[in-house]
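*Asks:* Numbering (full-length UniProt numbering), first residue to last: 1 to 483.
Ideal Cβ positions, reconstructed from N, Cα and C, are used throughout, including at glycine.
Nothing here was measured: the structure is a model prediction, and the numbers come from that model.
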Amino acid sequence: MESGLFQLPVRYILGSRCNRPPTLSIRSPLLTPTARLTPRRRAARNAAGRSPPSAGLPACRASPGLAPVIFLSTFYFMISFMEDHGSWDSLLVDLVRTPTFNPGVVSDVSNGSKEFSVSLDNVVPDDILERIFTFLPIASMMRATAVCKRWYNIIYSSRFLWTHMLPQRPWYFMFTSNETAAGYAFDPILRKWYDLELPCIDKSSCFVSSSCGLVCFMDNDNRNSISVSNPITKDFRRLLEPPGVTLPDYSTIAMKVDRLSHNYTITVAKSKQTPEDFVRWDFSVYKYDSWTGTWVAAVNEVFIGWRGGDDSVICNGVLYCLIHSTGVLGNVNPRHGLIMFDLVAGPSNTSLMQTSIPVPCSLTCGRLVNLKEKLVLVGGIAKYNRPDIIKGIGIWELHEKQWHELARMPHKFFQGFGEFDDVFASSGTDDLVYIQSYGATALLVFDMTHKQWRWSVKCPVSKRFPLQLFTGFCFEPRLDITA
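If you want it as structure tokens, here you go:
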């Protein structure tokens, strides 16, 4: 245990200067306040020369059962002490470097010059600490790394911790469309925004896909520039350039991380119009394997009257891509379709268009989401005979090639966005779906488990001019995975 970081008397931890956990009461049988002594015992105690307790604070006797109370109180104090730091960068840097307290030894002067000391190294072994940490949200866990090196090492190096910890609800990173990739990340558990900067990309104009703590970025101007990053630890790497055409007309990227091995698969789907042909579109898919560090060609097909889009996702080893009607063959309604490709089985003799699935209704736009390995479509519902006018937003799940409606945004939330364009940003993971308008910072969250719609806390970023645009994506916050 590192010394000089956390030294605080028990009376201060349990006293009125910090908020006590609800279960830690001064009436606990583990604590013996002097006020509860009988007059005879109090007189005998004073005659023996024992120091009276400090005014307003209960005196604690040395009890074997006191150590867990001291530990939990110390831990609660540290988390509460750092709860108000809104900047994520200050969480990662300033608090770690600031000498604060040492939880190694907790003392209470209760008998003259004699000191009662409890070593938390002996009382709470590492495996118990690991189990305690598994119940913390990621933000509180980061604050816990600032307590001492022992906690820091347990959180950053323990494989058990991340294997058995409770699922972390996805954060949403919102940023404005400008030359920098700085923005704010929303934590749905603590309902706070954190200042966050992505060092791996030079600007905010990019395609994004995330999985299991990692985020993949593809530059919008240079589609061959692809990087993978952990937004929390800021670890990142740039990948080799994918093969195929360097300047496709449309492209989309998808990512899937194996939770056990942490190996990941990335797919890039490219669509380019055949020269001097308004009907045919070349569609190709390339797959990257982090284990081998190489790209391979997975699909190469020609679409007639359809083209690839900018939205795709990987679920259960299958790549799903939205395709768009070009309208030249009269197939203007519906304007969208869904194609799928089995990344495990590989190419087949069947055309992707032969196995395509129509969307559930006429959509202005669609966003594909992987929620617990289930394919979910978030779409803007178009007005009848007006496919470019949005009248609502629906959420559907694909089950055995059939769409089942899960929810439809209530009209009061739809109106809450103000002027809503026919296209919007939406992403999700685990059991949360985020929906954001490109023209505002309002963020709506839909909980799939409880079927509940809820606005997020207001984002700190403000709109500076009328045509300013905003976008964002969600990701699972993790500390144990690297690019």
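Write down the C-beta distance between Phe133 and Met141 rounded to the nearest angstrom, noting that I regard them as a contact closer than 8 Å.
*Replies:* Translated into the one-based positions of the sequence shown, residue 133 becomes position 133. Translated into the one-based positions of the sequence shown, residue 141 becomes position 141. Confirmed, Cβ separation roughly 6 Å.
*Asks:* Quick one: grab the DSSP three-state call for Ala146.
*Replies:* The sequence position of residue 146 within the sequence shown is 146, counting from 1. Coil, per DSSP.
*Asks:* From Leu136 to Asn300, what does the alpha carbon distance come to, in whole angstroms?
*Replies:* If you number the sequence shown from 1, residue 136 lands on position 136. If you number the sequence shown from 1, residue 300 lands on position 300. Distance between the alpha carbons of Leu136 and Asn300 is about 46 Å.
*Asks:* For Asp126, which residues in the same chain have their Cβ closer than 7 Å to its Cβ, ignoring the five residues on either side in sequence?
*Replies:* Within the sequence shown, numbered from 1, the residue matching residue 126 stands at position 126. Taken in chain order, the residues that qualify are Ile154.
*Asks:* Considering just the uninterrupted stretch of the alpha helix (DSSP H) at Arg411, what are its terminal residues?
*Replies:* Position 411 of the sequence shown, counted from the first residue, corresponds to residue 411. For the record, residue 411 in the displayed sequence is His; it is not Arg. It spans 411-416 - the alpha helix (DSSP H) in which His411 sits, taken as one unbroken run.
*Asks:* By Cβ distance, which residues of its chain are closer than 8 Å to Arg259, with the 5 residues on each side in sequence left out?
*Replies:* Residue numbering aside, residue 259 sits at position 259 when the sequence shown is read from its first letter. Same-chain partners within the cutoff: Cys212.
*Asks:* Starting from Glu301 and walking both ways along the beta strand (DSSP E), at which residues does that stretch end?
*Replies:* Sequence index remark: in the sequence shown, residue 301 carries index 301 (1-based). Looking at the DSSP string, the run of the beta strand (DSSP E) that includes Glu301 is 294-304.
*Asks:* Ile128 lies in the alpha helix (DSSP H); which residues open and close that run?
*Replies:* Within the sequence shown, the letter at position 128 stands for residue 128. Taken as a continuous stretch (DSSP letters only), the alpha helix (DSSP H) holding Ile128 covers 126-133.
*Asks:* Return yes when the Cβ of Gly366 is within less than 9 Å of the Cβ of Leu322, no when it is not.
*Replies:* In the sequence shown, the residue the question calls residue 322 occupies position 322. In the sequence shown, the residue the question calls residue 366 occupies position 366. Their beta carbons are under 9 Å apart, which means Leu322 touches Gly366 by this criterion.
*Asks:* According to DSSP, simplified to helix, strand and coil, what is Asn370?
*Replies:* As a position in the sequence shown, residue 370 is number 370, starting the count at 1. Here Asn370 sits in strand by DSSP.
*Asks:* How many angstroms separate the CA atom of Ile357 from the CA atom of His399?
*Replies:* Residue numbering aside, residue 357 sits at position 357 when the sequence shown is read from its first letter. Residue numbering aside, residue 399 sits at position 399 when the sequence shown is read from its first letter. Whole-angstrom Cα-Cα distance: 11 Å.
*Asks:* Specify, as a first and last residue, the run of the beta strand (DSSP E) that residue 484 falls within.
*Replies:* For the chain, the structure presents residues 1 to 483; residue 484 sits outside this window and is missing.
*Asks:* Is Cys368 buried or exposed, if buried means 16 or more other CB atoms sit within 10 Å of its CB?
*Replies:* Taking the sequence shown and counting its residues from 1, the one referred to as residue 368 is at position 368. Residue 368 is actually Leu in this sequence, not Cys. Counting Cβ neighbours within 10 Å, Leu368 comes out buried, since at least 16 surround it.
*Asks:* Among Ile314, Phe186, Glu405, Gly379, which has the Cα closest to the Cα of Ser426?
*Replies:* Here residue 426 corresponds to residue number 426 of the sequence shown, with the count starting at 1. It is Gly379 whose Cα lies nearest to the Cα of Ser426.
*Asks:* My guess is that Asp430 and Pro167 are in contact by the Cβ rule of under 8 Å, so how many angstroms apart are they, rounded?
*Replies:* As a first step, residue 430 must be located in the sequence shown, where it is residue number 430. As a first step, residue 167 must be located in the sequence shown, where it is residue number 167. Right, the Cβ-Cβ distance comes to about 6 Å (below 8 Å), so this counts as a contact.
*Asks:* Measure the C-alpha to C-alpha separation of Lys234 and Trp171 and round it to an integer number of angstroms.
*Replies:* For the purposes of this step, residue 234 is taken as the residue at position 234 of the sequence shown. For the purposes of this step, residue 171 is taken as the residue at position 171 of the sequence shown. Taking the straight line joining both Cα atoms gives about 15 Å.
*Asks:* I need the DSSP call for residue 497, collapsed to helix, strand or coil.
*Replies:* Given a span of 1 to 483 for the chain in the structure shown, any question on residue 497 remains unanswerable.
*Asks:* How many Å lie between Phe303 and Ala297 at the Cα?
*Replies:* Against the sequence shown, residue 303 aligns to sequence position 303. Against the sequence shown, residue 297 aligns to sequence position 297. About 17 Å.
*Asks:* Could you have a look at Asn222 and say whether DSSP puts it in helix, strand or coil?
*Replies:* Taking the first residue of the sequence shown as position 1, residue 222 is located at position 222. DSSP places Asn222 in coil when its eight states are reduced to three.
*Asks:* If you measure between the beta carbons of Arg335 and Ser362, is that distance less than 9 Å?
*Replies:* Taking the sequence shown and counting its residues from 1, the one referred to as residue 335 is at position 335. Taking the sequence shown and counting its residues from 1, the one referred to as residue 362 is at position 362. The answer is yes: Cβ separation under 9 Å.
*Asks:* Just to confirm before moving on: does the CB-CB distance between Pro360 and Trp306 stay below 9 Å?
*Replies:* One-based indexing of the sequence shown puts residue 360 at position 360. One-based indexing of the sequence shown puts residue 306 at position 306. The answer is no: Cβ separation not under 9 Å.
*Asks:* Report back the beta-carbon spacing between Pro188 and Val445 to the nearest angstrom; my notes put them in contact at under 8 Å.
*Replies:* The residue labelled residue 188 in the question sits at position 188 within the sequence shown. The residue labelled residue 445 in the question sits at position 445 within the sequence shown. Yes, Pro188 and Val445 are in contact; Cβ-Cβ is about 6 Å, under 8 Å.
*Asks:* Along the beta strand (DSSP E) that carries Leu319, what are the first and last residues, could you check?
*Replies:* Locating residue 319 in the sequence shown gives position 319, counting from the first residue. Note, Leu319: beta strand (DSSP E), 318-325.
*Asks:* If you measure between the beta carbons of Cys315 and Glu405, is that distance less than 9 Å?
*Replies:* Locating residue 315 in the sequence shown gives position 315, where the first residue counts as 1. Locating residue 405 in the sequence shown gives position 405, where the first residue counts as 1. No. Outside cutoff.
*Asks:* Count the other CB atoms, across all protein chains shown, that sit within 10 Å of the CB of Thr471; report buried if there are 16 or more and exposed otherwise.
*Replies:* To locate residue 471, count along the sequence shown from 1; it is residue 471. Label assigned to Thr471: buried.
*Asks:* Please classify Ile189: does DSSP put it in a helix, a strand, or coil?
*Replies:* Working through the sequence shown from its first residue, we reach residue 189 at position 189. Correct three-state label for Ile189: coil.
*Asks:* Could you check whether Thr441 and Lys458 sit closer than 9 Å to each other, using their CB atoms as the reference points?
*Replies:* Position 458 of the sequence shown, counting from 1, holds the residue named residue 458. Position 441 of the sequence shown, counting from 1, holds the residue named residue 441. Closer than 9 Å, so yes.
*Asks:* Out of Val147, Ala185, Ile339, Arg280, state which residue places its alpha-carbon closest to the alpha-carbon of Ala269.
*Replies:* By one-based count along the sequence shown, residue 269 stands at place 269. Taking only the C-alpha atoms, the option nearest Ala269 is Ile339.
*Asks:* Mark Lys149 as exposed unless 16 or more other C-beta atoms lie within 10 angstroms of its C-beta, in which case mark it buried.
*Replies:* Taking the sequence shown and counting its residues from 1, the one referred to as residue 149 is at position 149. Classification for Lys149: exposed.
*Asks:* Between Ser209 and Gly394, what straight-line distance do the alpha-carbon atoms span, to the nearest angstrom?
*Replies:* Position 209 of the sequence shown, counted from the start, is the residue given in the question as residue 209. Position 394 of the sequence shown, counted from the start, is the residue given in the question as residue 394. Roughly 22 Å between the two C-alpha positions.
*Asks:* What do you get for Ile226, buried or exposed, if any count of 16 or more other CB atoms within 10 angstroms of its CB means buried?
*Replies:* Position 226 of the sequence shown, counting from 1, holds the residue named residue 226. Per the 10 Å Cβ criterion, buried.
*Asks:* Are the beta-carbon atoms belonging to Pro243 and Pro477 less than 9 Å from one another?
*Replies:* As a working note, residue 243 is residue 243 in the sequence shown. As a working note, residue 477 is residue 477 in the sequence shown. For Pro243 and Pro477, no; Cβs fall outside 9 Å.
*Asks:* Starting from Thr246, follow the beta strand (DSSP E) in both directions and report where the run begins and ends.
*Replies:* Residue mapping note: residue 246 aligns to position 246 of the sequence shown, counting from 1. Premise fails: Thr246 is in no beta strand (DSSP E) and is neither H nor E.
*Asks:* Val423: which of Ser157, Ser437, Arg238, Thr163 sits nearest, CA to CA?
*Replies:* Position 423 of the sequence shown holds residue 423. Closest by alpha carbon: Ser437.
*Asks:* Please report the straight-line C-alpha distance between Asp447 and Trp453, rounded to a whole angstrom.
*Replies:* As a working note, residue 447 is residue 447 in the sequence shown. As a working note, residue 453 is residue 453 in the sequence shown. Rounded to the nearest angstrom, the two C-alpha atoms are 7 Å apart.
*Asks:* Can you name, in chain order, every residue of its own chain whose Cβ lies under 8 Å from the Cβ of Leu161, other than the five neighbours on each side?
*Replies:* Within the sequence shown, residue 161 is the residue found at index 161, counting from 1. Correct list, in chain order: Glu130, Phe133, Thr134, Ile154, Ile155, Asp480.
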